[in-house]
Amino acid sequence: MRLDQQLQALAAQAFQSCFDAALPASDFSIQKTRKEFAGDRTLVCFPLARHSRMKPDATAEALGQAMVEADGPVLGYNVVKGFLNLELDPVLWRDWLLQEAAHADYGRRPAGSAPHVMVEYSSPNTNKPLHLGHLRNNFLGHSVSRILEAQGHTVTKVQIINDRGIHICKSMVAWRKFGEGETPESSGLKGDKLVGKYYVAFDQAYKAEVQGLIDGGMDKAAAEKQAPILLEAQETLRLWEDGDAATVDLWKTMNGWVYAGFDTTYATMGVEFDKLYYESDTYLIGKDRVMEGVERGAFEQREDGSVWVDLSEDGLDEKLLLRQDGTAVYMTQDIGTALLRFQDVPDLDRQVYTVGNEQEYHFKVLFLVLGKLGFEQAQRCHHLSYGMVELPEGKMKSREGTVVDADDLMDEMFRIARDIAAEAGKLEGLSDAEQQEVFQRVGLSALKYYLLKVDPKKNMMFDPKASIDFYGNTGPFILFNYVRGRSVLRKAEAEGLALPTDGIATPGADEMDMVGLLHDLPDVVAEAAETYNPALIANWCYDLTKAYSSYYQDHSILGADDEAARNLRIVLTERFTRTLNLGMSLLGIALPERM
RNA sequence: GGCUCCGUAGUUCAAUGGAUAGAAUGAGGGUUUCCGGUACCCUAGAUACAGGUUCGAUUCCUGUCGGAGCUACCA
Numbered sequence: 000m001r002l003d004q005q006l007q008a009l010a011a012q013a014f015q016s017c018f019d020a021a022l023p024a025s026d027f028s029i030q031k032t033r034k035e036f037a038g039d040r041t042l043v044c045f046p047l048a049r050h051s052r053m054k055p056d057a058t059a060e061a062l063g064q065a066m067v068e069a070d071g072p073v074l075g076y077n078v079v080k081g082f083l084n085l086e087l088d089p090v091l092w093r094d095w096l097l098q099e100a101a102h103a104d105y106g107r108r109p110a111g112s113a114p115h116v117m118v119e120y121s122s123p124n125t126n127k128p129l130h131l132g133h134l135r136n137n138f139l140g141h142s143v144s145r146i147l148e149a150q151g152h153t154v155t156k157v158q159i160i161n162d163r164g165i166h167i168c169k170s171m172v173a174w175r176k177f178g179e180g181e182t183p184e185s186s187g188l189k190g191d192k193l194v195g196k197y198y199v200a201f202d203q204a205y206k207a208e209v210q211g212l213i214d215g216g217m218d219k220a221a222a223e224k225q226a227p228i229l230l231e232a233q234e235t236l237r238l239w240e241d242g243d244a245a246t247v248d249l250w251k252t253m254n255g256w257v258y259a260g261f262d263t264t265y266a267t268m269g270v271e272f273d274k275l276y277y278e279s280d281t282y283l284i285g286k287d288r289v290m291e292g293v294e295r296g297a298f299e300q301r302e303d304g305s306v307w308v309d310l311s312e313d314g315l316d317e318k319l320l321l322r323q324d325g326t327a328v329y330m331t332q333d334i335g336t337a338l339l340r341f342q343d344v345p346d347l348d349r350q351v352y353t354v355g356n357e358q359e360y361h362f363k364v365l366f367l368v369l370g371k372l373g374f375e376q377a378q379r380c381h382h383l384s385y386g387m388v389e390l391p392e393g394k395m396k397s398r399e400g401t402v403v404d405a406d407d408l409m410d411e412m413f414r415i416a417r418d419i420a421a422e423a424g425k426l427e428g429l430s431d432a433e434q435q436e437v438f439q440r441v442g443l444s445a446l447k448y449y450l451l452k453v454d455p456k457k458n459m460m461f462d463p464k465a466s467i468d469f470y471g472n473t474g475p476f477i478l479f480n481y482v483r484g485r486s487v488l489r490k491a492e493a494e495g496l497a498l499p500t501d502g503i504a505t506p507g508a509d510e511m512d513m514v515g516l517l518h519d520l521p522d523v524v525a526e527a528a529e530t531y532n533p534a535l536i537a538n539w540c541y542d543l544t545k546a547y548s549s550y551y552q553d554h555s556i557l558g559a560d561d562e563a564a565r566n567l568r569i570v571l572t573e574r575f576t577r578t579l580n581l582g583m584s585l586l587g588i589a590l591p592e593r594m
């Protein structure tokens, strides 16, 4: 049982004996005692005064006495206003460090002990390279997957690839017109960059044509609809839908280039997927299910043939599910994909969609519709909504060339990591490949930590200067302390000091910051999973690291005065590095041994 | 217009309804006979505004002001 639950139970017993009133253990609010007061845990007694019929401080006084007399973990107490500060037996902490905290899987719940969850993230269009916004998306989705796994969920990581539609046809048309057979091999460009280039080329040609038409006397709206290159793209889409062989071939080729490019980027980012869904496979399957919904009376078909769902009871409007010509809209497709996934994974408990907050309305509707189609899992489905990443000069706009490219940004981080490492000179003896691995881990930690430490639902500022900072509340700061701790442990081993399993000093005031944080980990993971919020893990990693760094400064680990103290410090260092490693791995951040 | 989210030091971010609102950065000052100084310590600096609920409100409710997003037979 967790310590705080023990104390709640103890408090409930004490309350019963003092005031002859039974209250549920959960009514006793236990929190860490603030540093400026004496004690380890604090019981807030204001809410209890009602039941004890005594003033808060008198209630606290009586409870404190009873809890000490219970002869359990509580050794002493003091009362400040209505706060009962409890002093716990430090031996508890010592034993905890040697037992629970020593388990290799401390902080994790057993695999398979929680339901199967599907997490969707990334899901880019196939006409443009990945950018900064995708990084936040991928890091979030990947991290949440890991957090859910640590909570015992089976997790299937997926993405839906938007591989069809007018956008990809635009790139195809431009490539046919201007490409002269250019390929990733012939150009040396990554596939996604090459296709992106033709998407831009299309846009330029289109604008020129529109301007030409306007100059020729056509009004703007008509020109925008009749520009020949646009008509050609639309015709290409029609041919694609008809299964025209040449069109489909080119579509496959160009999408293949994009996928190869994306795969490289994902590998650099350190994210991966268990299963891919392609819009071209799923975009038609929602239609049948919508028509089934009509038969069940969940949806309404109008005289013109269009199908609608009425969500006014849920505070929303009516929403179109099928056009009057019977074709699918975006929502139809998402319904189909969702149902396909429930079919693919029969024990699936819920789906988590990592998608920007501009689509909150869409997902509200989607979940309601799934519910109307009889999927009770719908109420547990979750839109992992996140805010926009803004730049100091404002929003990213591809038109204005202010998009931050994911590959370029990561390369820049790696380069800076290399420069700083060269100065520090700690990587001698490592091969070039090993060094490169270190630069990548350090650079990536800066980026991931920077994007994940902010509450996902908030818009955030991406300041390029601050993001590459290696000092302060940053990934590299955390890595540095990990590496330093590991270095101490290696040295201990080299000196023949095995990791102690017994005979450690009882932790005192100097150690309690760190011990308390180590003890918090399971609660932090649980809350992060419940709220789908990796920022909680990031903040915990930072707090723990700061506590260790400060401790390290004032205490020589291996040079402690006596053996018991040294053993405690070695154990603390080991628990620090191992739990930090878990915390960071939940953020998708891999730690180096040196940097 | 309606709906959703956000508003905390100069800046970027924290704070299950709990005690004197924490960090980082920037500014100023200090620390090294040390296991990795990419470190540590000290100083100054903030809850947009007005009500309400509560023993207690950054947190919950209402309103005002400010910012973002959604409100397509686009995806």
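Using numbering that gives the first Met the number 0, you'd call the opening residue of the first sequence number 0 and step up by one each time. Glycine included, every Cβ here is placed at the ideal spot set by N, Cα and C.
Enumerate in chain order the residues of its own chain whose CB-to-CB distance from Leu372 is below 6 Å, with the five nearest sequence positions on each side excluded. Gly292
Under 9 Å between the Cβ atoms of Val78 and Ala59? yes
Along the chain, which unbroken stretches of the beta strand (DSSP E) at least 3 residues long are found entirely within the region 92-129? 113-119
Which one of Val116, Tyr198, Glu181, Gly111 has the shortest CA to CA distance from Asn124? In this structure, Tyr198 is the residue among Val116, Tyr198, Glu181, Gly111 with its C-alpha nearest to the C-alpha of Asn124.
Got a sec? Which residues, its chain only, sit under 6 Å from Gly304 by beta carbon, not counting five neighbours each side? Gln323
Local Cβ density within 10 Å of Leu134, reported as buried at 16 or more and exposed below that: buried
In three-state terms, what does DSSP make of His554? coil
Per-residue DSSP class, three states only, for Thr609: Because the chain is modelled from 0 through 594, residue 609 falls outside the range shown and cannot be assessed.
Which whole-angstrom value is the C-beta distance of Val270 and Val116, which I expect to be below 8 Å? At roughly 17 Å, the Cβ-Cβ gap does not stay under 8 Å, so Val270 and Val116 are not in contact.
Going straight from the alpha carbon of Thr281 to that of Glu208, what length do you get? 35 Å
For the putative contact between Gly471 and Tyr547, defined by C-beta atoms under 8 Å, what is the C-beta separation to the nearest angstrom? In fact, because the Cβ distance is near 16 Å, the residues do not count as touching under 8 Å.
Starting from the Cα of Asp468, find the closest Cα among Val487, Leu96, Ile419 and give me that residue. Ile419
Residue interval of the alpha helix (DSSP H) (run including Gln358): Counting along the chain, Gln358 falls outside any alpha helix (DSSP H), and DSSP gives it neither H nor E.
By Cβ distance, which residues of its chain are closer than 8 Å to Leu520, with the 5 residues on each side in sequence left out? Within the same chain, Tyr105, Gly106, Trp539, Thr578, Leu581, Gly582 come within 8 Å of Leu520 by CB-CB distance, once the 5 residues on both sides are set aside.
Going straight from the alpha carbon of Gly355 to that of His361, what length do you get? 11 Å
For Leu426, which residues of its own chain have a beta-carbon under 7 Å away from its beta-carbon, when the five flanking residues on both sides are left out? Ala420, Gln434, Val437, Arg593
Please go through the region 168-239 and give each complete alpha helix (DSSP H) segment of 4 or more residues, from N-terminal end onward. 183-186, 190-214, 219-225
Gly151 versus Val524: straight-line alpha-carbon distance, rounded: 11 Å
Using DSSP's beta-bridge definition, name the partner residues of Glu86. Gly75
Could you check what DSSP says for Met513 in three-state terms: helix, strand or coil? helix
Met460, buried or exposed, once every other Cβ within 10 Å from all chains shown has been counted against 16: exposed
Check whether the region 135-143 and the region 228-235 touch, using three or more Cβ-Cβ pairs below 8 Å as the test. Contact between the region 135-143 and the region 228-235 is absent, because fewer than three Cβ pairs lie under 8 Å.
Reduced DSSP category for Gly582 - H, G, I as helix; E, B as strand; rest coil: helix
Does the beta-carbon distance from Asp39 to Gly515 come in below 9 Å? yes
State the beta-bridge partners of Gln158 as determined by DSSP. Leu275
Inter-stretch contact at 8 Å, needing at least 3 Cβ pairs: the region 442-449 / the region 473-481: yes
Provide the residue span of the beta strand (DSSP E) that contains Tyr385, from first to last. 381-385
Lys456: which of Lys363, Gly386, Asp410, Arg379 sits nearest, CA to CA? Scanning Lys363, Gly386, Asp410, Arg379 for the CA closest to the CA of Lys456 turns up Gly386.
Run of the alpha helix (DSSP H) containing Lys447, from where it starts to where it stops: For Lys447, the enclosing alpha helix (DSSP H) stretches over residues 431-451.
Measuring alpha carbon to alpha carbon, tell me which residue in His130, Ala110, Ala24 is nearest Leu390. For the residues His130, Ala110, Ala24, the minimum Cα distance to Leu390 belongs to His130.
Proximity below 9 Å, CB of Leu347 to CB of Gln300: Between Leu347 and Gln300, the CB-CB gap reaches or exceeds 9 Å.
Threshold first: 4 residues or longer. Then list the alpha helix (DSSP H) segments lying entirely within the region 449-486, N to C. 463-466
Going by C-alpha distance, which of Thr41, Lys34, Thr32, Phe36 is nearest Ala10? The residue with the shortest Cα to Cα distance from Ala10 is Thr41.
Exposure of Gln7, with buried meaning 16 or more beta-carbon neighbours within 10 Å: With at least 16 other beta carbons inside 10 angstroms of its own, Gln7 counts as buried.
I'd like to confirm the pairing. Which residues does DSSP put opposite Lys318 in its beta bridges? Bridge partners of Lys318: Val308.
Using the Cα positions of Asp273 and Ala537, report the straight-line distance between them to the nearest angstrom. C-alpha separation (whole angstroms): 25 Å.
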